Every structure is written in structure tokens, then in C-alpha cells.
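Residues in the sequence shown are numbered consecutively from 191, following my numbering.
From the three backbone atoms N, C-alpha and C, an ideal C-beta is built for every residue, glycine too.
Keep in mind it's a predicted model, so treat the numbers as computed, not measured.
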Amino acid sequence: MLYICAAMYKNEITSPHYEELSDRIFEIMAEKGLSSTTMDYLAKKLTISKRTLYEIFGSKDNMIKAILERMEKCHSDQVEEIIKRSANVMEALAEILLFHQKAMQRLSAKFFRDMDIRYRHLRSEYDNNTRKWRNSVWQAIKLGVRQGVLRKDVNYNIMLPLFHVQMESLKRMEEFFPAEITLIDAYRTIALGTLRSIATAKGMETLEKLTPKFHSM
């Protein structure tokens with residue numbers, strides 16, 4: 191059980207303890223949403239005092255910002271690791287979308303609604319990371335075309351933004367899905383459909399080997 195002494199301030203907490211605390215807070219926020227995750231609720235769930243949370247983070251806004259920054263860093267590190275170990279761009283794209291699929295399962299619709307409405311002022315960094323993501327993906331697309339795994343006759347200037355909009359909309363539209371369609375069903379269909387639409391014959395060979403992974407989650 192995680193326990194942090196009330197006298198432990200942010201500059202005194204060890205890195206492993208801080209990371210463990212941040213991970214647990216994120217899991218709670220992902221499930222309940224940002225607004226419903228009060229400092230009182232966190233203190234009770236984490237078996238620490240509310241005062242300790244304020245000593246560590248200063249405020250709820252600061253806490254949310256710090257934890258989102260940590261999660262973004264972990265996400266970026268994981269994506270970089272996937273790229274390094276992938277044989278080609280199609281493999282990298284598929285593995286990254288698999289990683290995103292797993293992450294989507296952790297986040298509730300409440301989390302996204304709160305980010306859109308109650309905590310919109312914290313979205314600037316997220317939006318900046320989105321722009322970086324688009325630039326990185328565009329460079330990867332060019333490499334994938336040179337590798338012969340991605341088609342060169344696709345209008346990626348249109349396809350990439352449309353794909354991003356679809357993914358951003360999924361969580362926000364989950365409550366409108368027919369009962370027989372789950373969020374992961376929708377994600378999987380969009381992800382695989384997009385990859386198949388841009389794959390060459392060589393790219394399809396790579397994708398077909400990874401497709402079972404999308405259905406195993």
C-alpha cells in the first residue's frame with residue numbers, strides 16, 4: 191500500500207514514490223474524470239492526507255498538469271521505443287495504434303469531456319503535442335513510401351487530419367454508439383481500415399501479421 195508521510199514535501203519525495211503516486215492518481219482520473227476526482231476523494235483512495243497532496247502539487251490544477259505531462263512523456267517514450275524496434279513504417283504505425291488502443295481502454299468519456307469543457311485551459315500543451323505528432327507522422331509517411339510499404343497515390347494531406355478527427359471523436363461519441371458496438375470495436379475498425387487503405391502489397395504483408403493483435407485486446 192502506498193503511504194507518504196504528511197511531512198514529505200514535493201522536493202523531499204523520492205522519484206519512485208512520486209511516479210507511483212502520479213500513476214495511481216492518473217488511473218483514478220482516467221476512470222472518474224477530472225471534475226469528479228476531488229482532492230478529498232484522492233486522499234481517501236490513496237490513504238494519505240489532503241494536506242500532503244497540496245504540499246506535493248500545490249493545487250488541483252497543478253496536479254492535473256503535472257500528471258498529464260508525465261503521462262505524455264511516458265507515451266512519447268513508448269512511441270519512440272516502438273519506432274526503434276520496428277522493421278518498417280507499416281509495422282511502426284500498426285504497433286503505435288495498438289498501443290493507443292490499449293490506452294483508450296483506460297480513459298472514460300468523462301475524462302475527455304472534462305478536458306474539453308472544465309479544464310480547457312490545460313489543453314494548450316496537448317494541442318502543441320498534436321501538432322508535433324502530425325509533423326512526425328508526415329515524415330514517417332514519406333519514409334514508408336520510400337520503403338515501399340505505403341502507397342504514394344494517397345492524399346495524406348486530407349487523410350491524416352480526417353483520421354485524427356475520427357480518433358478524437360470516438361471517446362466523445364461513445365454514448366451514442368449502438369449497444370452492440372463497443373469503443374474498441376470502433377477504434378479497431380477505423381485503425382485497421384485506415385492502415386489497409388494506405389498499404390501497398392508489401393505493407394499488407396506486414397499488417398496481416400499484426401492484425402490478430404488488434405482482436406486480442
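Quick one: Cα of L333 to Cα of A391, how far?
-> 16 Å
Range of the contiguous alpha helix (DSSP H) that encloses E271 = 250-275
Could you give the distance in angstroms between the alpha-carbon of V335 and the alpha-carbon of E285?
-> 18 Å
Of all the options Q291, E262, F366, which has the alpha carbon lying nearest to the alpha carbon of I374?
-> Q291
Beta-carbon spacing of T401, E281 below 8 Å = Not closer than 8 Å, so no.
Compute the beta-carbon to beta-carbon distance between L288 and K403, rounded to the nearest angstrom, for a pair I have assumed lies under 8 Å.
-> 5 Å
For V269 and G393, the rounded distance between their alpha carbons = 20 Å
Would you please state the rounded distance, in angstroms, between the beta carbons of V327 and L350? I believe it to be under 8 Å.
-> 6 Å
DSSP on L180, reduced to helix/strand/coil?
-> In the structure as shown, the chain starts at 191 and stops at 407, and residue 180 therefore has no counterpart that could be examined.
Under a three-way DSSP split, which group does A389 fall into?
-> strand
Beta-carbon contacts of Q356 that lie in its chain and below 6 Å, excluding the five residues immediately before and after | I380
Residue burial classification, Y231 (beta-carbon count within 10 angstroms, cutoff 16) | exposed
For Y309, the three-state DSSP class (helix, strand or coil) | coil
Just confirm the distance between the C-beta atoms of V339 and N278, as a whole number of angstroms; I'd bet it's less than 8 Å.
-> 5 Å
From K234, E259, Y244, K222, pick the residue whose C-alpha is nearest to that of E209; which is it?
-> E259
Enumerate in chain order the residues of its own chain whose CB-to-CB distance from I388 is below 6 Å, with the five nearest sequence positions on each side excluded.
-> L340, R341, V344
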